[in-house]
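Student: Residues 193 to 441 (my numbering) make up the sequence shown, in order. Ideal placement from N, C-alpha and C gives every residue a C-beta, glycine not left out. Just so it is clear, the structure is predicted and the values come from calculations on it, not from any experiment.
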Amino acid sequence: MVLQFMNRISTVHHWATIGIGFGLGFGTVTLWHLGKLIRDQLKPQRELHEVFMFNELRYQCLQEHRKHNQAGTKCVCTNEYCVDRLVDQIVQELGRAKYSIDLAMFTLNSVSLERALLAAHRRGVIVRIILNKYSSSYDLSAAISRMITLGVLVRTVTSRYIMHHKFCVIDGCVRVEQICQRRRRSFGPPQPTLINGSLNWTDSGCTSNWESMVISTQPQLVSTFEAEFNRLWNSLEAKKLPKLVQTSL
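#1: Go through its chain and collect everything with a Cβ distance to residue 408's Cβ below 6 Å, but skip five positions before and after it.
#2: Just to check my reading of the structure: residue 414 and residue 361 have Cβ atoms closer than 8 Å, yes? What is that Cβ distance to the nearest angstrom?
#3: Please state if the CB of residue 295 and the CB of residue 313 are separated by a distance shorter than 8 Å.
#4: Comparing C-alpha positions only, which one of 298, 334, 336 and 335 sits nearest to residue 350?
#5: Under three-state DSSP, which class holds residue 386?
#6: Report the option in 291, 338 and 301 whose CA atom is closest to the CA atom of residue 397.
#7: Measure the beta-carbon distance from residue 285 to residue 366 and round it to whole angstroms, keeping in mind my assumption that it falls under 8 Å.
#8: With burial defined as no fewer than 16 other Cβ atoms inside 10 Å of the residue's Cβ, what is the status of residue 263: buried or exposed?
#9: Can you give me the C-alpha to C-alpha distance between residue 345 and residue 253, rounded to a whole angstrom?
#10: Between residue 257 and residue 276, how many whole angstroms is the CB-CB distance? I'm expecting something under 8 Å.
#11: Spatial neighbours of residue 395 within its chain, please: CB distance less than 6 Å, with the 5 preceding and 5 following residues excluded, ordered by chain position.
#12: What runs of the beta strand (DSSP E), each 3 residues or longer, lie entirely inside the stretch 233-275?
#13: Using the Cα positions of residue 291 and residue 382, report the straight-line distance between them to the nearest angstrom.
#14: Under 8 Å by Cβ, that's how I've got residue 358 and residue 316 pegged, so tell me the actual separation to the nearest angstrom.
#15: Could you please give the first and the last residue of the uninterrupted beta strand (DSSP E) stretch that includes residue 321?
#16: Could you check which residue in 324, 282, 347 and 404 has the C-alpha nearest to that of residue 425?
#17: If you follow the beta strand (DSSP E) that residue 344 is in, where does it begin and where does it stop?
#18: Could you check if residue 441 is buried or exposed, using at least 16 other CB atoms within 10 Å of its CB as the buried criterion?
#19: Helix, strand or coil: how does DSSP classify residue 379 here?
#20: Apply the 10 Å Cβ neighbour rule to residue 305 and answer buried if 16 or more other Cβ atoms are within range, or exposed otherwise.
#21: Can you tell which of 373, 293 and 416 has the C-alpha that lies nearest to the C-alpha of residue 310?
#22: CA-CA distance, residue 261 and residue 308?
#23: Measure the alpha-carbon distance for residue 269 versus residue 420 and round it to whole angstroms.
#24: Look at the alpha carbon of residue 375 and the alpha carbon of residue 238, and state the distance between them as a whole number of angstroms.
#25: Take residue 247 as the anchor and find which of 411, 416 and 400 has the nearest alpha-carbon.
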């Protein structure tokens with residue numbers, strides 16, 4: 193009888209050992225997959241640092257575009273200075289925004305870029321714009337008026353000095369954290385991105401001038417510009433425009 197009892201104990205110990213080993217192995221695999229998921233979520237989606245030039249070579253492809261427009265076909269342009277390609281590069285970056293777009297711009301009246309900003313606003317991206325009060329585009333231009341009416345946040349610099357910035361921060365880390373805390377929800381990992389250069393977002397700036405533009409996801413660059421935007425934004429009052437409503441977010 194004692195022998196049978198000892199055999200039972202041995203059998204129980206054997207299966208217990210297998211169960212513990214299986215549990216530890218399963219737990220280790222689960223933790224590894226969980227850790228990988230977290231690492232993938234935190235990992236930057238892409239690394240980008242590109243320079244774009246607006247110059248007189250932008251019209252080398254004009255005839256090709258006209259030919260395709262007349263035929264109703266899409267032009268796959270290979271001209272690196274093509275206006276459509278360069279403006280579309282900005283539009284694509286604005287289209288990637290998940291949380292916020294912070295734009296400091298001396299002059300703003302580009303139809304294509306206005307549409308991209310409004311499209312971002314409509315899908316829930318919080319758009320903030322700082323303008324120079326006395327730039328030719330402000331003075332309640334149709335584009336600015338439309339955006340403010342639809343809820344885009346606009347503040348202006350009224351100093352006798354010029355607010356001459358031309359930069360845009362998309363999904364800056366500080367701003368994303370603020371938005372997530374207020375909305376208590378996340379739309380997935382952001383990709384902080386900076387658009388900066390000499391380019392005013394105007395039709396003439398894109399189609400006539402010699403300009404430069406840099407698009408970068410380099411964290412230190414993005415955070416430096418984001419800090420300056422937030423500092424400037426907080427130093428300004430929400431502009432109370434006639435018959436237009438401003439919100440505080």
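Tutor: The short version:
#1: 241 and 386
#2: 6 Å
#3: no
#4: 298
#5: strand
#6: 301
#7: Not confirmed; about 19 Å, so no contact.
#8: exposed
#9: 37 Å
#10: 7 Å
#11: 302
#12: 241-246
#13: 8 Å
#14: Not confirmed; about 26 Å, so no contact.
#15: 318-324
#16: 347
#17: Run containing residue 344: none; DSSP gives neither H nor E here.
#18: At residue 441 the pLDDT is 46, less than 50, meaning the model places this residue with poor confidence; the figure from the coordinates comes in the next sentence. Flag for residue 441 reads exposed.
#19: coil
#20: buried
#21: 293
#22: 22 Å
#23: 36 Å
#24: 26 Å
#25: 400
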